[in-house]
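S.K.:
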Amino acid sequence: MKIKNLKPAIFMGILFIVLIAGILIYRSFAKEKELTRYTATFLDVFDTRTEIVGFAVNKEKFAEDAQLIKDRLIYYNQLYDIYNDYPGVNNIKTINDNAGIAPVEVDPEIIALLEFSIDTYYETDGAVNIALGSVLSLWHRQREIGIADPERAKLPDADALKEASHHTDITGIIIDKEKSTVYLSDPEMSLDVGSTGKGYAVQRVMEYAREKGLNNVLLSLGGNISCIGTRIDGSNFRLGIQNPDVYSDEQYIEMVDINDGECVVSSGDYQRFYEVDGVRYCHIIDPDTLYPSDEFAAVSVITDDSGKADSYSTALYTMSLDEGMAFVKERDNVEAMWVMHDGEKIYSDNFKEKYVK
Amino acid sequence: MKKNDVILIAALLVVALLTAGGMRIWQMNNTKDTANVVVTIDGEVYGTYPLSEDRTERIELPDGSYNILVISDGYADVTEASCPDQICVKHNHIRYSKESIVCLPNKVVVTVEGGKENEIDGSTF
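Top line first, the protein sequences correspond to chains C and R. Quick note: to get the working numbering, add 58 to the position in the first sequence (first position is 1). Quick note: to get the working numbering, add 6 to the position in the second sequence (first position is 1).
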């Protein structure tokens with residue numbers, strides 16, 4: 059066969075290759091364009107800032123995904139609220155209002171949170187105690203007054219704290235799963251789910267979102283962060299750990315890359331606190347001393363369950379470094395980072411290797 | 007292969023490269039590289055200010071509440087506010103795209119949009 063006869067075939071072949079090359083070049087540029095990264099921020103659930111990061115073909119599709127998560131958060135917010143009533147909803151405030159009076163019929167998701175919290179109480183040797191409401195409310199009141207008017211800032215009355223501490227027995231929470239009721243047997247006791255509620259809600263909401271087929275999503279509820287999958291390009295979601303020194307030029311004291319299903323929570327003394335005579339008193343109260351813990355500037359926990367991340371970070375904040383280190387070591391898939399008041403970072407065994415890239 | 011074929015192939019290649027290159031340039035021009043500070047109150051845009059110009063802005067709410075926004079040396083910061091918790095004032099100053107300072111009581115959000123990215127998807131607080 060002569061070359062001349064092959065010419066059309068060669069020509070077509072080259073044209074084909076050029077076309078394929080063109081498409082490949084176009085796709086390599088356009089790949090990230092197919093799904094756009096979106097962020098939704100709202101301020102109206104759990105009295106904090108919520109952020110959802112996701113990837114979608116357009117804004118409308120993302121808004122749909124974000125709304126699915128938001129609706130679920132609103133549901134949990136109403137159930138786990140200790141300050142507000144909602145029409146037709148029995149929530150934790152309803153349980154507190156009926157302490158010593160009557161069992162309250164509640165949504166099974168409230169009972170699930172309470173059971174989780176009670177398990178955590180025993181697991182942390184009482185460092186996380188949702189029955190500490192009577193003590194925490196005394197601190198809460200003084201903190202609100204002290205922040206609003208530093209001249210009037212003072213500590214809660216020591217005798218009042220002592221008296222309140224007699225009404226923090228976790229066995230006073232009487233759960234009847236069959237009737238779906240909760241009763242507080244001590245009229246003076248009250249529940250405060252500040253150390254478990256947000257984290258547990260995030261865990262449940264993300265499990266729901268996963269069931270609904272959502273992927274490549276990051277949810278941050280007031281710093282309780284959890285993810286499904288990775289970024290759209292396959293790389294891990296990267297998070298900043300807030301620098302406890304809020305006047306520093308560096309907003310983040312560490313960056314961590316988390317894997318599918320992992321969660322991060324920080325507990326610290328740098329955001330919610332007040333000062334009395336120049337001493338800082340933060341919002342995390344050690345159940346043993348009834349006073350705020352002050353050993354660390356912050357503790358961050360990474361694990362595969364948001365409820366645990368939330369409660370463990372509170373627990374570690376009130377434990378000594380040695381106790382905390384041992385606590386982390388005993389558990390699989392739990393890593394922690396402590397930040398001391400001088401800015402020094404102390405890591406659990408595998409924290410840096412696993413998460414700091 | 008005739009001379010004309012070579013010219014045609016070369017022309018096709020040039021067109022393909024020009025198209026790809028042109029798209030790249032178009033994309034780059036459409037990526038915002040100027041950073042702005044966007045202030046919203048309850049989701050509504052209150053004002054937009056360039057991060058490159060030093061200024062002090064009093065963000066005023068109808069009920070008399072306020073936040074003082076200071077832009078200086080390429081940073082945005084809330085230095086004073088009427089809110090009780092002062093969490094916005096205690097926040098670090100910000101400079102990277104998508105970073106924000108939130109004042110929950112006043113529903114004020116100060117966000118940097120455009121400019122340098124910090125490769126962060128979220129942060130603890």
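Cβ atoms here follow ideal geometry from the backbone N, Cα and C, with glycine treated the same way. The structure presented is a predicted model; accordingly, all values stated were derived computationally and were not measured.
In its own chain, which residues sit with a C-beta less than 6 Å from the C-beta of Asp344(C), not counting the 5 before and 5 after it?
M.R.: Taking the first sequence and counting its residues from 1, one reaches residue 344(C) at position 286. Closer than 6 Å at Cβ, skipping near neighbours: Ser351, Thr376.
S.K.: Quick check: the Cα distance between Ala218(C) and Gln125(C), rounded to an integer number of angstroms?
M.R.: Within the first sequence, numbered from 1, the residue matching residue 218(C) stands at position 160. Within the first sequence, numbered from 1, the residue matching residue 125(C) stands at position 67. Their Cα atoms are separated by approximately 44 Å.
S.K.: Got a sec: is the Cβ-Cβ distance from Ile283(C) to anything in chain R below 8 Å?
M.R.: In the first sequence, counting from the first residue as 1, residue 283(C) sits at position 225. Yes, because at least one Cβ of chain R sits closer than 8 Å to the Cβ of Ile283(C).
S.K.: For Ala17(R), which of helix, strand or coil comes out of DSSP?
M.R.: Taking the first residue of the second sequence as position 1, residue 17(R) is located at position 11. If DSSP states are grouped into helix, strand and coil, Ala17(R) belongs with the helices.
S.K.: Where does Asp307(C) sit, in a helix, a strand or coil, going by DSSP?
M.R.: In the first sequence, the residue the question calls residue 307(C) occupies position 249. Coil, per DSSP.
S.K.: Output, in chain order, the set of chain R residues within a Cβ distance shorter than 8 Å of Leu190(C).
M.R.: Along the first sequence, one-based indexing puts residue 190(C) at 132. Correct list: empty, because the minimum Cβ distance to chain R is about 22 Å.
S.K.: Note down, in chain order, all residues in the region 320 to 344 of chain C with a beta-carbon under 8 Å from any beta-carbon belonging to chain R.
M.R.: From the region 320 to 344 of chain C, only Val322, Val323, Ser324, Tyr328, Gln329, Arg330 have a Cβ closer than 8 Å to chain R.
S.K.: From Ile188(C) to Lys220(C), what does the alpha carbon distance come to, in whole angstroms?
M.R.: For the purposes of this step, residue 188(C) is identified with residue 130 of the first sequence, where counting begins at 1. For the purposes of this step, residue 220(C) is identified with residue 162 of the first sequence, where counting begins at 1. Using only the alpha carbons, I get a separation of about 17 Å.
S.K.: May I ask you to report which of helix, strand or coil DSSP gives Cys89(R)?
M.R.: In the second sequence, counting from the first residue as 1, residue 89(R) sits at position 83. Cys89(R): coil per DSSP, three-state reduction.
S.K.: What are the uninterrupted segments assigned as beta strand (DSSP E) that are 3 or more residues long and contained completely in the region 31 to 118 of chain R, given in chain order?
M.R.: Runs found: 42 to 47, 50 to 56, 61 to 66, 72 to 78, 81 to 87, 106 to 109.
S.K.: Are the C-beta atoms of Tyr310(C) and some chain R residue less than 8 Å apart?
M.R.: To locate residue 310(C), count along the first sequence from 1; it is residue 252. Taking Cβ atoms only, chain R reaches closer than 8 Å to Tyr310(C), which makes this a yes.
S.K.: Would you verify that the beta carbon of Ile299(C) is, or is not, closer than 8 Å to some beta carbon of chain R?
M.R.: For the purposes of this step, residue 299(C) is taken as the residue at position 241 of the first sequence. For Ile299(C), the answer is yes, since a Cβ of chain R falls inside 8 Å of its Cβ.
S.K.: Where does Ser223(C) fall in DSSP's three states?
M.R.: Translated into positions along the first sequence, residue 223(C) becomes position 165. Three-state result, Ser223(C): helix.
S.K.: Look at the Cβ atom of Val44(R), then the Cβ atom of Glu119(R), and state whether they are nearer than 8 Å.
M.R.: By one-based count along the second sequence, residue 44(R) stands at place 38. By one-based count along the second sequence, residue 119(R) stands at place 113. In contact: Val44(R) and Glu119(R) (Cβ atoms closer than 8 Å).
S.K.: With 8 Å set as the bound, which would you pick, yes or no: does the beta-carbon of Asn98(R) sit closer than that to a beta-carbon of chain C?
M.R.: Position 92 of the second sequence, counted from the first residue, corresponds to residue 98(R). Chain C contact via Cβ: present.
S.K.: Taking Cβ positions only, does Val6(R) come closer than 8 Å to chain C?
M.R.: This structure cannot speak to residue 6(R), because chain R is shown only from 7 to 131.
S.K.: Could you confirm whether any beta carbon from chain R is found closer than 8 Å to the beta carbon of Ser195(C)?
M.R.: Your numbering for residue 195(C) matches position 137 in the first sequence. Judged by the 8 Å Cβ criterion, Ser195(C) is not in contact with chain R.
S.K.: Which residue spans inside the region 248 to 303 of chain C form an unbroken alpha helix (DSSP H) run of at least 4?
M.R.: Here the runs fully enclosed are 255 to 269.
S.K.: Within 10 angstroms of its Cβ, does Thr25(R) collect 16 or more other Cβ (buried), or is it exposed?
M.R.: Counted from its first residue, the second sequence places residue 25(R) at position 19. It counts as exposed.
S.K.: Any beta carbon from chain C within less than 8 Å of Pro56(R)'s own beta carbon?
M.R.: For this step, residue 56(R) is matched to residue 50 along the second sequence. Chain C contact via Cβ: absent.
S.K.: Taking DSSP as the reference, what is the three-state secondary structure of Leu348(C)?
M.R.: If you number the first sequence from 1, residue 348(C) lands on position 290. If DSSP states are grouped into helix, strand and coil, Leu348(C) belongs with coil.
S.K.: Does the region 309 to 321 of chain C come close enough to the region 179 to 197 of chain C to have 3 or more Cβ pairs within less than 8 Å?
M.R.: With the cut-off at 8 Å, the region 309 to 321 of chain C and the region 179 to 197 of chain C do not touch.
S.K.: Using a threshold of 8 Å, state whether the C-beta atoms of Ala355(C) and Ser324(C) are closer than that.
M.R.: For the purposes of this step, residue 355(C) is taken as residue 297 along the first sequence, with counting starting at 1. For the purposes of this step, residue 324(C) is taken as residue 266 along the first sequence, with counting starting at 1. Contact flag unset, no.
S.K.: Looking at the secondary structure, which residues open and close the alpha helix (DSSP H) in which Ser419(C) lies?
M.R.: What is shown of chain C runs 59 to 415, which leaves residue 419(C) out entirely.
S.K.: Drop a sphere of 10 angstroms on the beta-carbon of Asn135(C), count the other beta-carbons inside from all chains shown, and report buried for 16 or more, exposed for fewer.
M.R.: By 1-based counting over the first sequence, the position of residue 135(C) is 77. By the neighbour-count rule (16 or more Cβ atoms within 10 Å), Asn135(C) is buried.
S.K.: Measuring CA to CA, which of Asp362(C), Ala373(C), Asp250(C) is closest to Glu353(C)?
M.R.: Here residue 353(C) refers to the residue found at position 295 of the first sequence. For Glu353(C), the nearest C-alpha among the options comes from Ala373(C).
S.K.: Between the C-alpha atoms of Pro166(C) and Ser238(C), what's the straight-line distance to the nearest angstrom?
M.R.: The count along the first sequence starts at 1 and reaches residue 166(C) at position 108. The count along the first sequence starts at 1 and reaches residue 238(C) at position 180. Each residue's Cα considered, the two are about 6 Å apart.
S.K.: If the cut is a Cβ gap below 7 Å, which residues of chain C does Pro68(R) touch?
M.R.: Taking the first residue of the second sequence as 1, we reach residue 68(R) at position 62. Chain C residues near Pro68(R): none, gap ~17 Å exceeds 7 Å.
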